[in-house]
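A short write-up of the structure that comes next.
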Amino acid sequence: MSFMKKQTTDLACLGGPPLFADKLYVGRPNLCSRQKLHAALDQIFDNRWLTNDGPFLRRFEDKLQEFLGVRHAVAVCNATIGLQMVYRALGRARSTRKKALMPAFTFIATAHAWEWEGGQPEFCDVDPARHLLSPADAAAKLDAEAALLVGVHTWGQPCRIAELEALAKARNIPLVFDSAHAFSNFHGSRRIGGFGDAEVFSFHATKFFNTFEGGAITTNDDALAAELRHMRNFGFAGYDQVARLGTNGKMQEISAAMGLCLMDELDALLETNRRNYRAYREAFAGLPGISLLALDKPETLNCQYVVGELSPELPAFARDLLVDVLWAENVLVRKYFHPGCHRAAPYAGRAPAPVLPVTEDLCRRVVVFPTGTAVQPEQIRQIAATVRFVLEHADDVQRQRKKHP
Ligand code: T4K
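Just add 1 to the spot in the sequence shown (first one is 1) and you have the working numbering.
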């Protein structure tokens, strides 16, 4: 039984015992059955085929295609390389234009992958309610220098897809979705994966569905898929035949095996995340000073991020104070995506500085809470009670921390 906070000195940062003995992380990996993965490893040893288009990879890609309802799933070593490959195939290889429009409120990889390919991200704002790319801001910034439009299904919520598709079509530029957060999620009756020209999923360890490291590019474009398959393998189009510039984007057999094993657990993982999301919603309901991002139709989403927003009325120090206090309690909340891509290297300081009022505001107020199979509803109730205590005593806690840093 953990210790509830009744006075400020009960807080771990002020000398009390931590709320939890073990750390709760955002992104603690979900695991499949050990026996199944061990059996797959035996098979990989028997096959003596460790990477490069092996039998597990092929089965995994077939499974992804069927599950996502897309013509092609190209598994890759991680989503960042996947984004680079797509950005190159659809952007840099087809056009001398350097700009790609994308939200600044995203993980840095969305931007870095384009910059890495020699482009320049043009950062756009997001909407305050759902934190998704604003089609209006993208339209305003989309000029003759734009090579690409990049939507991000942030927190797994589908972008305003129809509007972005219309915009990309009207300006005749490709549309890519960074779908790192959105595996298995629906937009209407279709799963995310078949929208725009291509979508890129992350299967990093911290994602609710993981392949240790990994990702997949999905597309319904046959020619693009063929190009990406060559690109992923140094540009080889057959033995000794290099057809184009390529990289090493291959997924290993053990990662594909992990993906296949975890696909069997998908329903249980989704149910756990949705249970935790409901527990957070209930525990935080009516809690002064913080609200949780309300997902539209959570039963169609993987709910892998539980996103809190501190009230704008709270003092400016409140968010960072809450984060520091919770870390001391072994609740390792995160400030994703502080400070915003535009304020991170190498983009910070570039002129003209983008005007992104919603992004700036969110970066000051967002806190992401731990969820997944390592988190239980009772712990969520205890986290909520601690958050309530900290926000109610924020001034006092801040004063005492300054006295006893
Ligand atoms: N686009 C978007 C929108 C993304 O969010 C991401 C990645 C990408 C593209 C690129 O995808 P990948 O190239 O990674 O496939 C994490 C993840 O590294 C990153 O994948 C993710 N988004 C981002 C939102 O979060 P960090 O730096 O916070 O993760 P990390 O490795 O520090 O892990 C977080 C915590 O999870 C650790 O403190 C402890 C725990 N953990 C982590 C790992 C790796 C474990 O308990 N076990 C583990 O094995 O970025």
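Ideal Cβ positions, reconstructed from N, Cα and C, are used throughout, including at glycine.
Query, Result
"Nearest candidate by alpha-carbon position, reference D23, set W328, G17 and L15", "W328"
"Distance cut-off 8 Å: F108 Cβ against heavy atoms of the ligand T4K", "yes"
"Where G157 sits in the DSSP three-state scheme", "helix"
"Buried versus exposed call for Q36 [16 or more other C-beta atoms within 10 Å across all chains shown]", "exposed"
"Enclosing alpha helix (DSSP H) for H73 [first to last residue]", "Not the alpha helix (DSSP H): H73 falls in the beta strand (DSSP E), residues H73 to V77."
"Per DSSP, the bridge partner or partners of I218", "V75 and V201"
"Beta-ladder partner(s) of T52, from DSSP", "Q253"
"Span of the alpha helix (DSSP H), counted from its first residue to its last, around I193", "Segment: none, I193 is in no alpha helix (DSSP H) and carries neither H nor E."
"Reduced DSSP secondary structure (H/G/I, E/B, other) of Q305", "coil"
"Near the ligand T4K: R29 beta-carbon under 8 Å from a heavy atom", "yes"
"Cβ pair R98, E146 closer than 9 Å", "yes"
"L168 and P136 closer than 9 Å at C-beta", "yes"
"Heavy atom of the ligand T4K within 8 Å of F204 beta-carbon", "yes"
"Three CB pairs or more closer than 8 Å across the stretch 214-227 and the stretch 72-81", "yes"
"Three CB pairs or more closer than 8 Å across the stretch 351-366 and the stretch 267-278", "no"
"Member of S180, D43 and G350 whose CA lies at the smallest distance from the CA of T111", "S180"
"Distance, F213 Cα to Q44 Cα", "18 Å"
"Cβ-heavy atom distance, T9 to the ligand T4K, below 8 Å", "no"
"As assigned by DSSP and simplified to three states, the class of I384", "helix"
"I291: first and last residue of the uninterrupted beta strand (DSSP E) it sits in", "I291 to L293"
"heavy atom of the ligand T4K below 8 Å from R131 C-beta", "no"
"Meets three-Cβ-pair contact criterion under 8 Å: the stretch 118-126 and the stretch 237-251", "no"
"D362 versus G290 - alpha carbon distance", "15 Å"
"Top-ranked residue by Cα proximity to L53, from V398, R230 and I162", "A small fix is needed here, since residue 53 is Asn in this sequence, not Leu. N53 has its Cα closest to that of R230, out of V398, R230 and I162."
"Extent of the continuous beta strand (DSSP E) run through A145", "No beta strand (DSSP E) contains A145, which DSSP labels as neither H nor E."
"Rounded separation between F204 and V398 - CA only", "39 Å"
"Sheet register partners of T26 (DSSP bridge)", "Reading the sequence as shown, one finds Tyr at residue 26 and not Thr. The partner list for Y26 (beta bridge, DSSP) reads L333."
"Through-space distance from G28 to L294, alpha-carbon basis", "18 Å"
"Three or more C-beta pairs below 8 Å linking the stretch 100-115 and the stretch 336-351", "yes"
"Length of the line joining the Cα atoms of I381 and R366", "20 Å"
"Residue closest to R201, alpha-carbon to alpha-carbon, out of K64, G216 and S190", "Here the sequence assigns Val to residue 201, which means Arg is not the residue at that position. Looking at the Cα atoms, G216 is the closest of the given residues."
"Q121 - partner residues in DSSP beta bridges", "K100"
"DSSP beta-bridge partners of D179", "V153 and V201"
"Identified DSSP bridge partners for R239", "According to the sequence provided, residue 239 is Gly. The question's Arg does not apply to it. G239 pairs with Q242."
"Sequence-distant residues of the same chain with beta carbon closer than 6 Å to M2, five excluded per side", "Because the pLDDT at M2 is just 46, under 50, the model does not fix this residue reliably, and the point stays unresolved."
"Any non-hydrogen atom of the ligand T4K closer than 8 Å to R191 Cβ", "no"
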